[in-house]
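Q:
In our numbering, the protein residues as written are 38 to 144.
(1) With DSSP as the reference, label residue 41 as helix, strand or coil.
(2) Using the beta-carbon count (16 or more within 10 Å), is residue 109 buried or exposed?
(3) In the DSSP assignment, the alpha helix (DSSP H) including residue 92 goes from what residue to what residue?
(4) Please look up how many angstroms separate the CB atoms of residue 145 and residue 54, rounded, as I've assumed it's under 8 Å.
(5) Excluding the 5 residues preceding and the 5 following residue 61 in the sequence, name in chain order all residues of the same chain whose CB lies nearer than 6 Å to its CB.
(6) Nearest to residue 94 by CA position, among 44, 39 and 133, is which residue?
(7) Nearest CA to the CA of residue 135: which residue from 106, 70 and 119?
(8) Excluding the five sequence neighbours on either side, which residues of its own chain have a C-beta within less than 8 Å of the C-beta of residue 56, listed in chain order?
(9) Taking the straight line between their C-alpha atoms, what separation do you get for residue 104 and residue 125?
(10) With a cut-off of 8 Å on the beta carbons, I'd call residue 115 and residue 76 a contact; round off their distance for me.
(11) Please state whether DSSP places residue 103 in a helix, a strand or coil.
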């Protein structure tokens, strides 16, 4: 029974994070700001869903399918977000974020 409650909690947490990432992707005004939704919140949401799947289907032992999916996700998500950001910089996509102030140069 405790395993069922933990699985349900992980599913609800995963859905909440994934929904937050999807809303951020849809509503944030800037290309660079929109990268954070899928690369941060959705990745954490999918991790919670994979953990819930591991608990439910792999109760007798370790479930390798979900571990391989999580490994691929945590390798692919940051790399793809970095490549998209570099492509945006190279294409000079305008950003709404303020530029950082330049500090004084040391002599």
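Yeah, the Cβ is synthetic: ideal placement off N, Cα and C, and Gly gets one too.
A: Straight from the coordinates:
(1) The three-state secondary structure of residue 41, taken from DSSP, is helix.
(2) Result: exposed.
(3) Residue 92 -> alpha helix (DSSP H) spans 79-94.
(4) Not covered by the structure: residue 145. The range shown for the chain is 38 to 144.
(5) Excluding residues within five positions, the ones whose Cβ falls inside 6 Å are 74.
(6) Among 44, 39 and 133, the Cα nearest to that of residue 94 belongs to 44.
(7) That would be 70, whose Cα lies nearest to the Cα of residue 135.
(8) Here the set comprises 82.
(9) Using only the alpha carbons, I get a separation of about 32 Å.
(10) For a cut-off of 8 Å, the C-beta gap from residue 115 to residue 76 is around 7 Å, short enough to register as a contact.
(11) Reduced to three states, the DSSP call for residue 103 is helix.
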